[in-house]
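Before any comments, here is the structure.
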Amino acid sequence: MPKITVDGQEIEFKQGQTVIEAARENGIDIPHFCWHPSLSVSGNCRVCLVEIEKMPKLAIACSTFAADGMVVHTKSEKTLQARNAVMEFLLINHPLDCPICDEAGECKLQEYAFKHGYGESRFDEMKNRKDKRVALGPRIMFDGERCISCSRCIRFSDEIAKQNQLTFVQRGDRVTIKTFPGEEFDNPYTLNTVDICPVGALTSRDFRFKARVWDMSSTKTICPGCARGCNIDMWVRNNEIMRLTPRENPEVNDYWMCDWGRLNTFKFVNAENRIDGAIIKENGELKNVSIEEGINTAAKELKKYKGNEIAFIGSAFATCEDNYAFAQFAKEQFSANNIDFARYINEDDQDDILIRADKTPNSWGAENTGIKPGSNGLNFSGIIEEIKKQKIKALVVMEDNIAATDSEIEAALKKLELLIVLAVNENETTKLAHIVLPASAYAEKNGTFVNFEGRIQRIRPAVVTEEMERSLEGMSMSRLDKFGTKYDAWANGKRVNAKPSWQIISMLSQKLGGKLNYQMAEDVFDEIAKTNKEFKGLDYDVIGEQGVQLESFKKVTETV
Ligand code: SF4
Ligand code: SF4
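Each residue of the sequence shown is one higher than the last, beginning at 1 in our numbering.
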């Protein structure tokens with residue numbers, strides 16, 4: 001393999017790689033603003049200038065191809081002088097409004113000014129003034145004074161979102177970003193420009209001024225908005241989710257996520273209408289009770305039904321662990337045949353970038369952990385039909401608001417003698433329920449989802465529930481780190497009294513004299529891996545932070 005030497009270190013590179021790419025692959029960071037590994041090279045910020053032996057002038061590392069034997073200096077006096085000069089130039093007209101800038105704490109300009117700047121300015125003329133609060137589109141605010149004209153946002157829109165919506169206008173120090181006349185910056189992926197803007201010029205209208213970066217913790221988890229399963233970081237302050245940002249995974253979402261997923265898959269966790277403790281309906285009156293009392297009542301009522309009088313609706317929004325425990329319970333207690341889950345497919349809302357028509361994160365996982373009709377059993381619509389005829393008298397629904405999808409379903413549910421719902425929020429289905437048991441949201445538990453390409457990925461708790469807090473008391477910081485979040489992010493704020501569905505189901509099984517007795521999500525997963533060949537050889541450590549493609553999908557991919 002050909003080699004170059006960077007700062008005295010010999011490294012291998014692949015033909016066609018630039019100096020910045022070769023260095024990065026070998027853990028050497030060359031400062032850069034405009035270069036991004038997934039975008040074309042524009043070479044306009046000049047901060048990646050390096051000294052290359054036998055070249056007459058400094059060269060930009062982002063557009064200089066590595067060549068065998070090349071000797072590169074990223075810390076030589078000439079390089080540092082050039083870098084300092086670039087920083088001084090970029091800061092000439094910069095407003096230096098870091099104290100009120102959302103990007104502070106994760107801003108490349110701030111970081112490089114600290115690392116590579118002079119620490120003072122020789123510029124005492126009037127700074128150039130530009131527009132500071134321009135709504136480029138429904139989700140993005142632009143600050144012209146902070147923009148360093150790196151063109152990342154323009155290239156992202158053209159090359160990744162495939163919508164030519166942004167451009168530079170004017171020249172020299174008047175240059176600024178604008179949308180094309182009559183256009184709004186409103187493609188389904190606009191918020192990714194906030195992540196890649198190296199300064200605070202582009203901010204999210206949803207997140208602006210809500211939290212300082214250093215006051216939040218981030219947890220590596222998965223977006224539940226569709227079957228893509230984009231890898232995300234969930235940012236939490238005072239036990240409240242403040243924002244989601246994409247987490248790099250070249251096999252799933254590269255560096256990106258869609259705006260819909262980013263904005264619509266966390267607010268329900270913070271919402272006021274969370275199911276907090278159990279609710280039972282007595283003589284038409286709703287009564288708030290403890291989870292244990294709710295489970296006792298549910299067990300007592302369930303005993304009145306058997307065989308095909310009862311049906312079970314699992315959920316493609318719930319984890320493999322929840323669905324597996326649910327299916328085991330239905331089999332163990334009722335030899336249930338009538339078991340299925342609702343599908344949410346919107347063929348009109350899919351693209352070639354990330355967005356999938358299946359609007360659930362785990363339909364494959366639900367089906368393949370046991371949520372499917374037994375022999376002669378009824379599927380989802382069959383179950384609803386039998387409820388209408390009052391042949392099915394009792395129904396257990398886990399983590400799905402099925403009544404909201406169709407008024408006919410809502411009408412059918414009213415005919416049930418017993419409706420038990422495990423739910424995260426109050427909704428149309430919980431309103432009809434006789435017993436509601438509080439399920440933890442995806443942000444409050446461990447578990448796994450399988451995406452549309454058969455990639456199994458882990459979700460982790462970013463928000464603490466009452467139950468989790470009790471179990472975490474006295475736990476060492478190193479064990480707490482295993483939960484993937486910093487404890488200070490949970491120090492204040494509201495806690496919900498809820499449990500993961502697999503745990504509620506396990507408790508119900510115990511009450512009815514059953515065998516399910518899981519203590520942790522990992523226990524459930526280990527049992528799945530032992531009993532289901534699709535998951536053979538897997539555990540939480542193997543799945544890790546980037547997920548693993550299941551064997552049966554690998555074969556499909558190889559055949560194709
Ligand atoms: S708005 Fe940000 S990403 Fe776009 S050109 Fe300016 S600095 Fe670069
Ligand atoms: S594409 Fe799907 S998984 Fe990815 S962010 Fe959007 S909704 Fe979430």
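Using N, Cα and C, we set each Cβ at its ideal position, and we do this for glycine too.
With DSSP collapsed to three states, give me the class of residue i.
i: Ala529; result: helix
i: Val47; result: coil
i: Gly484; result: Model confidence at Gly484 stands at a pLDDT of 49, short of 50, so the residue's coordinates are unreliable; what they give is reported in the following sentence. Gly484: coil per DSSP, three-state reduction.
i: Trp235; result: strand
i: Val560; result: Note that Val560 scores 46 on pLDDT, short of 50, meaning its location in the model is unreliable and no value can be drawn from it.
i: Leu538; result: coil
i: Glu120; result: coil
i: Thr297; result: helix
i: Thr405; result: helix
i: Pro99; result: helix
i: Ile20; result: helix
i: Leu516; result: coil
i: Asp7; result: coil
i: Glu184; result: coil
i: Lys306; result: coil
i: Gln390; result: coil
Does ligand 2 have even one heavy atom less than 7 Å from the beta-carbon of residue i?
i: Met216; result: no
i: Trp235; result: no
i: Arg460; result: no
i: Leu354; result: yes
i: Arg262; result: yes
i: Thr265; result: yes
i: Arg247; result: no
i: Arg343; result: no
i: Gly365; result: no
Note down the Cα distance separating residue i from residue j, rounded to an integer number of angstroms.
i: Thr245; j: Phe142; result: 19 Å
i: Glu12; j: Gly370; result: 49 Å
i: His32; j: Lys267; result: 34 Å
i: Glu10; j: Gln163; result: 41 Å
i: Asn497; j: Ala433; result: 19 Å
i: Gly484; j: Gly8; result: Residue confidence is low: Gly484 scores 49 on pLDDT, short of 50, so the model does not pin down where it sits. Its coordinate-derived value is still stated next. Each residue's Cα considered, the two are about 37 Å apart.
i: Ala325; j: Met507; result: 11 Å
i: Thr405; j: Thr429; result: 10 Å
i: Trp235; j: Arg343; result: 29 Å
i: Cys147; j: Val199; result: 7 Å
i: Val6; j: Asp131; result: 42 Å
i: Val560; j: Thr190; result: Bear in mind that the predicted position of Val560 carries a pLDDT of just 46, short of 50, making it unreliable; the figure below should be weighed with that in mind. Their Cα atoms are separated by approximately 33 Å.
i: Phe114; j: Val450; result: 43 Å
i: Asp276; j: Gln328; result: 26 Å
i: Glu21; j: Cys62; result: 7 Å
i: Glu282; j: Ile435; result: 9 Å
i: Thr181; j: Thr167; result: First, the amino acid is wrong: residue 181 is Pro here, not Thr. Using only the alpha carbons, I get a separation of about 10 Å.
i: Tyr118; j: Leu80; result: 10 Å
i: Phe89; j: Asp254; result: 32 Å
i: His577; j: Met55; result: Look at the range of the chain in this structure, 1 to 560, and you will see that residue 577 is not part of it.
Throw me the rounded Cβ distance for the residue i and residue j pair, which I believe falls under 8 Å.
i: Asn362; j: Thr319; result: 7 Å
i: Val47; j: Ala59; result: Wrong, their Cβ atoms sit about 13 Å apart, outside the cutoff.
i: Ile392; j: Ile402; result: Between Ile402 and Ile392 the Cβ distance is about 14 Å, and since that is not below 8 Å, they are no contact.
i: Thr360; j: Phe317; result: 6 Å
i: Ala521; j: Lys445; result: 6 Å
i: Asp539; j: Phe525; result: 7 Å
i: Ala394; j: Leu378; result: Actually they are not in contact, since the Cβ atoms of Ala394 and Leu378 sit about 14 Å apart, beyond 8 Å.
Would the beta-carbon of residue i be found less than 7 Å away from any heavy atom of ligand 1?
i: Ala113; result: no
i: Ala201; result: yes
i: Thr193; result: yes
i: Ile543; result: no
i: Ser157; result: no
i: Ser290; result: no
i: Pro198; result: yes
i: Ile177; result: yes
Report the residue from the options whose alpha carbon sits nearest the alpha carbon of residue i.
i: Gly544; options: Arg455, Glu527, Ile504; result: Arg455
i: Gly144; options: Arg129, Lys494, Gly137; result: Arg129
i: Met1; options: Asp68, Glu21, Pro37, Arg155; result: Asp68
i: Lys561; options: Ala411, Gly374, Asn368; result: Only positions 1 to 560 of the chain appear in this structure, which leaves residue 561 out of reach.
i: Trp260; options: Asn338, Asp102, Cys230; result: Cys230
i: Ser40; options: Thr531, Phe156, Leu109; result: Phe156
i: Gln457; options: Lys431, Ile295, Pro224, Ser471; result: Pro224
i: Cys34; options: Ile28, Asn26, Gly43; result: Gly43
i: Gly382; options: Phe341, Asp349, Ile420; result: Phe341
i: Val424; options: Glu332, Ala278, Glu551; result: Ala278
i: Ile310; options: Phe535, Arg205, Gln333; result: Gln333
i: Val134; options: Thr179, Arg171, Ser121; result: Thr179
Please confirm whether residue i has its beta-carbon closer than 8 Å to some beta-carbon of chain C.
i: Leu516; result: No chain C appears in the structure shown, which is made up of a single protein chain.
Return yes when at least one heavy atom of ligand 4 lies under 7 Å from the C-beta of residue i, else no.
i: Cys107; result: This structure lacks ligand 4; its bound ligands are ligand 1 and ligand 2.
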